[in-house]
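Chains as they are written, first to last, in the working numbering: chain U, 30 to 371; chain E, 2 to 767.
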Amino acid sequence: MDVLPNFSVTHAASIDDIVRARAAAPDSRLIAGGTDLMVNIRRGIVAPSVLIDVSQVAELRTIRADADAIELGAAVTLAEVAAHPGVQQHFASVAEAAGSIAGPTHRNMGTVGGNLCLDTRCIFYNQSEWWRGAINHCLKTTGAICHVAPKSRGVCFATFSGDLAPALLVHGAEVEVGGPAGRRIFPLERLYIGHARQDRPFSETLGDGKSYLGLRPREFVIAVRAGRTPGLISGYDKIRIRRSIEYPVAGVAVALRRDGPAFADLRIAFTGTNPRPVLLAGTETLRGRSFDEESRDRLEALVRDQVMSMKTTFTPGHYRRRVASVLARRSVARLFERGESD
Amino acid sequence: MNAPLESGIGGYVPMVDGPEKVSGRARYTADLAVRPGTLVARLYRSPYAHAEILEVDVSQATRLPGVRAVITGADCDRTFGVLPIARSEHPLARGKVRYRGEPVAAVAAVDDATAKAAIALIRMKVRELPAYFSAAEALAPDALPIHERKRGNIEREVRFEIGDVAQAFAEADLVQEGTYHCPEVCQNQMEMHAALVDYDAEADRLTVHATTQTPHYIHLMMAHVLELPMSKIRVIKPHVGGGFGARTETLNVELIAALLARKTRGRVRLVVTREETFLTHRGRPESHIRVKIGLRRDGRITGVECDCIQRGGAHSGYGIVTILYAGSLLYGLYDLKHVNYHGVRALTNTPPCGAFRGHGTVNVRFAFESLLDRMAEQLGLDPLSVRRANLLVPPTFTDNDLMVNSYGLPECIDWVERRSGWRERRGRLPRGQGLGFACSHYVSGASKAVNPGSEPNATVKVRLDHDGSVAVLSGAAEIGQGSTTVIAQTVAEVLGLGLDRVHVISGDSDLVPTDNGSYSSRVTFQVGNAALDAARQLKTILLNAAARRLETRVENVECLGEHYRAGAQDTGLSFDEVAAEALRGGTIVVTGTYTTIPESHGGKKYLGAAIGGTMAFSYSAQVVQVSVDEDTGVVNVEKVWVAHDCGKALNRLTVEGQVQGSVWMGMGQAMSEEMGYHEGLMVAANMLDYRVPTIFDSPDIEVGIVESNDPHGPFGAKEAGEGSLAALLPALANAVHDAIGIRFDALPMTPDRILAAIEKRRRGHA
């Protein structure tokens, strides 16, 4: 790792502090665990003059989960989420996702807000300044083309790899953000439609790796919340090349509810495949069906249509799509079986 | 608490430098106290893969306030390289750049920010040339030479045939051939490369602190490149955070720091980044290997043919040795009679490869053991029986004149067979689960050192002084492998003393005798023997002193370590009393040496046949158990049984640690490590994308130590740090085949490759 450039750090004690600090330094960035941001600063990808430490803002430290609902403040650590009995019991996908992120030390430092806003990743982007300069940079920074897809016409394919987002999407989570114009709450999936594309329906965008967050200028995540649907059970699984200190090759969260022999509800979300987390559209067509061969084929077709296969990591894209499908099928089967006994 | 420690030979002895490391007190090069005025160095690296340098404009950088010196290739016209016959590399590129990342200019400035700013002001104008990123491209008939003196981009071509291979194949019941691909891998040692160099202008003297396995080679090369007598240079090796071969030759890092120190007439610190440590490279070359074996129904190997093409990178480094080892170490493991080898070391526009743990043998062994497993299956033979049908009978010389005196391979095979339940379990595991087997070996020190004039092979001094302590002065480089501990144990054992009486001084050329350093697993064998010699000399002196005091003949004196006596009834003398008598003539310094015997120097049957010559080989046999998820391609390495013949385990703790480390490192190459390139740019030059297995990926490893007691080894010992790496790769691939019936001839076996092979087979069956 290269040496860090100079920057100053201000410690925020409240949401208002954050808003003021951001206004005072437009190029500032929020920091809590720093597990994503510091690497990018060292690599010269971003060079904020001010870091606003939000790790001690009381409101962002809220963690609450019970049979009715879950609320996670942005500065709650991933280790805290993974160890919370209420999260484990009622929002299993969230606990399982948090507990499998990177390695133990990352989870002690990394936070909910950081993982939800995790910068998109690509082998042409997560490199040193010298490296990126040697191929005239890329679309995600200052370059003219996307090296993954040189004919992409302005679309960046850098991949979203956060594990928490899919785990929360299957629980129908909402996100609360704060900013200069106050607070607003919206469905979590809208966080991943680049700000410039907010006018278009979610289903019509594949996401964009460069403009990957739906935050307006100087906005930031305060908390994520979801209500609990009675009977809904969930889980999270992923493929990694090695079992720790690794981003997912493909991650899948599943939540479902059974009504006797059939699905009453089925939600599936992916990470590590597209520029945004993918909440699979069309799973409602499986309602009323059992998890038979026909259901499995339909599921596979949905995955094939919506999960991308760009080579933004060392691992071939088609493998990611293939195992995304396998993981989805397995997780659904596992939960479908469990749903019967619950 | 303070009970004296025994020497612990044959036991489990914690490393003597362990406490300072685990407590954080140990200082590595980058930790050394930086006094005011120390300058910070940074490098400007080529963004081009292959280009003629038209101009390197450093004028703006030089003018930046706080910059004390900027140097380029114009500042040094000397080339360096570990092999005297292949010094192709300039510390800073001159005339041409040959790989992306090659150092072109260097800055010394008052602080890091200034140095970084200065680097950004350097401009290079070039005329780009066609670049060759694979051996095939570089070896194409119309390729431009990367080095003028190497037409055709061939660093070295090796050919030999010993025996009659065509006839041998004619006599075989089955002749099969396979092609194998091993990607480039890097050592990725924990500590990044660093150098801290002082230039004393009044004395015209350099003091170099560097992260190295071979301080003496730095000493030699520093003198050559800076055109200073060696007596004007002091080389200090602080604690080193691993090497695995990456630091067995002088690197541009220390040379550039020294050039800057002399230019600024001051003190310069250069600590490179993780990416730059990868770029400095010296890893294992990408290899394409074709092997052909003739096998009889009784399991006898009749003949072997092997072609090996290595992508060596832009400079020579150890390349000639690597391509020679790949051929010569076909021998020494089994009794081979007819062998034909053709090796080509190619120069390419990628960072230069070097000597990676298991130097030269690992990729060829993967190919050989994989093919042998396949052929055993085709003839319906047990893979273990095939090996047993081809054992050497020691003492012997192989057909390429390698000396083998001790040979614990049969016991290694027996041990893993028994411990793994091979006979009962092989072929009876559920689908998706499998067992694989393979063997390997490695040298216990190259018998002839790389550089001439490095004889004897090892020298150790032992000093007894009036404080009653025994100091061992050794040039052996402790790099975490335990050399300091084993030397202390050896001396303590001979003198019958506890380890608390003996301390080792090493790593400073002003204090210790010259030593060739830590490579080719030479330290325990060669330095250990020199330490043994020195300790025995001191013991003779002490026995004589005791005899004088006890007024008896020396034959009557018994040494009990802390106590000397003449007969069981004698109250005798304490060690301190004996030492006082011995020291009447002043401080005692004895010099122990070790010289390998000419019979171990390899042969002359082909050019370079000395490579592979060693006093002894270690042996390894392994059984690996895996399970494979056929839907995702994920392989779980469940268990490894590994038996290693190290002659005699001087310290079982470090032997087991080294063998486990070999298994891990082999598993990295087999499963997940791979240095890929995008147009000559290293894609995975960081610890996230260069996937070294984590502890979560580690299988349970059961280590069996086989002691064949080598007649020449110190206490019978041989090497323990490298020989068990190579067998892991084919044993794992053979286990995957046993599990799912697919053979993998390309590494690493990442889940995507496993799944692609499974799906290809499904389509074939459909």
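Virtual Cβ for every residue (Gly too), placed ideally from N, Cα, C.
Check your understanding: Which whole-angstrom value describes the C-beta separation of residue 329/E and residue 612/E, a residue pair presumed to lie in contact below a C-beta threshold of 8 Å?
Key -> 5 Å
Check your understanding: At a cut of 8 Å, does the segment 304-320 of chain E reach the segment 329-341 of chain E through at least three beta carbon pairs?
Key -> yes
Check your understanding: Taking only beta-carbon atoms, is residue 653/E less than 8 Å away from chain U?
Key -> no
Exercise for review: Please name the residue in 363/E, 112/E, 424/E, 464/E whose C-alpha comes closest to that of residue 441/E.
Suggested key: Nearest C-alpha to residue 441/E: 363/E.
**Study point:** Residues sharing a beta bridge with residue 98/E, DSSP
**Key:** According to the DSSP secondary-structure assignment, residue 98/E is paired through a beta bridge with 52/E.
Review point. Out of 73/U, 82/U, 200/U, which has the shortest C-alpha to C-alpha gap to residue 258/U?
Key: 200/U
Review point. Comparing alpha-carbon positions, which option in 691/E, 677/E, 185/E, 636/E lies nearest residue 743/E?
Key: In terms of Cα proximity to residue 743/E, the closest of 691/E, 677/E, 185/E, 636/E is 636/E.
Review point. Going by the CB atoms, is the gap between residue 633/E and residue 355/U shorter than 8 Å?
Key: It is a contact, given that the beta carbons lie within the stated cut-off.
**Study point:** Length of the line joining the Cα atoms of residue 287/U and residue 753/E
**Key:** 34 Å
**Study point:** Residue from 255/E, 618/E, 121/E, 659/E whose Cα sits closest to the Cα of residue 709/E
**Key:** 618/E
Practice item. Run down chain E in chain order and give the residues with a C-beta less than 9 Å from the C-beta of residue 344/U. Key: 751, 752, 753
Check your understanding: Using DSSP with H/G/I as helix, E/B as strand and the rest coil, what is residue 45/E?
Key -> If DSSP states are grouped into helix, strand and coil, residue 45/E belongs with the strands.
Review point. Leaving out five residues before and five after residue 736/E in sequence, what residues of the same chain have Cβ atoms less than 6 Å from its Cβ?
Key: 435, 436, 437, 625, 627
Check your understanding: Along the chain, where does the alpha helix (DSSP H) that runs through residue 731/E open and close?
Key -> 726-741
Review point. Considering only residues of the segment 304-391 of chain E, which uninterrupted beta strand (DSSP E) runs meet the minimum length of 3 residues and lie entirely inside it, listed in chain order?
Key: 340-347
Check your understanding: chain E beta carbons: is any one of them nearer than 8 Å to that of residue 363/U?
Key -> no
Point to revise | Short Cβ contact (8 Å threshold) for residue 311/E with residue 321/E | key: no
Exercise for review: Identify the contact partners of residue 353/U in chain E, using a Cβ-Cβ distance below 9 Å as the criterion.
Suggested key: The contacting residues do not exist; residue 353/U stays about 10 Å from chain E at best.
Point to revise | chain U contact residues for residue 695/E, given Cβ-Cβ distances below 9 Å | key: 132, 271, 272, 273, 274, 275
Point to revise | Neighbourhood of residue 149/U by C-beta, 7 Å cutoff - its chain only, sequence neighbours within 5 removed | key: 187, 188, 189, 238, 241, 304
**Study point:** residue 351/U in three-state terms, based on DSSP
**Key:** helix
Point to revise | Nearest candidate by alpha-carbon position, reference residue 212/U, set 362/U, 248/U, 31/U | key: 248/U
Review point. In its own chain, which residues sit with a C-beta less than 7 Å from the C-beta of residue 601/E, not counting the 5 before and 5 after it?
Key: 404, 448, 614, 615, 616
Exercise for review: Identify the continuous beta strand (DSSP E) that holds residue 435/E and give its terminal residues.
Suggested key: 434-444
Review point. For residue 97/E, which option in 47/E, 562/E, 207/E, 118/E has the closest C-alpha, if you only look at C-alpha atoms?
Key: Distances from the CA of residue 97/E to each of 47/E, 562/E, 207/E, 118/E were compared; the closest alpha carbon is that of 47/E.
Check your understanding: Is DSSP giving residue 216/U helix, strand or coil here?
Key -> strand
Point to revise | Cβ shell of residue 54/U (< 7 Å), same chain only, five flanking positions each side left out | key: 78, 79
Check your understanding: When we look at the beta-carbon of residue 68/E and count the other beta-carbons within 10 Å, is it buried (16 or more) or exposed?
Key -> buried
**Study point:** Nearest to residue 181/E (by Cα), restricted to the options 217/E, 371/E, 461/E
**Key:** Taking only the C-alpha atoms, the option nearest residue 181/E is 371/E.
Exercise for review: Return yes when the Cβ of residue 707/E is within less than 8 Å of the Cβ of residue 333/E, no when it is not.
Suggested key: Annotated as distal: residue 333/E and residue 707/E, with beta-carbon spacing of 8 Å or more.
Practice item. Could you tell me whether any Cβ in chain E is nearer than 8 Å to the Cβ of residue 332/U? Key: no
Check your understanding: From the beta carbon of residue 32/U, is the nearest beta carbon of chain E less than 8 Å away?
Key -> Residue 32/U counts as touching chain E.
Check your understanding: List, in order along the chain, the chain U residues whose C-beta lies closer than 9 Å to that of residue 673/E?
Key -> Those are 270, 271, listed as they occur along chain U.
Check your understanding: Is residue 349/E closer than 8 Å to residue 87/E when the C-beta atoms are compared?
Key -> no
Practice item. Report all residues from its chain with a CB closer than 6 Å to the CB of residue 56/E; omit the five preceding and five following residues, and keep chain order. Key: Excluding positions up to five away in sequence, the list reads 126.
Review point. Expressed to the nearest angstrom, what Euclidean distance is found between the alpha-carbon atoms of residue 142/E and residue 89/E?
Key: 22 Å
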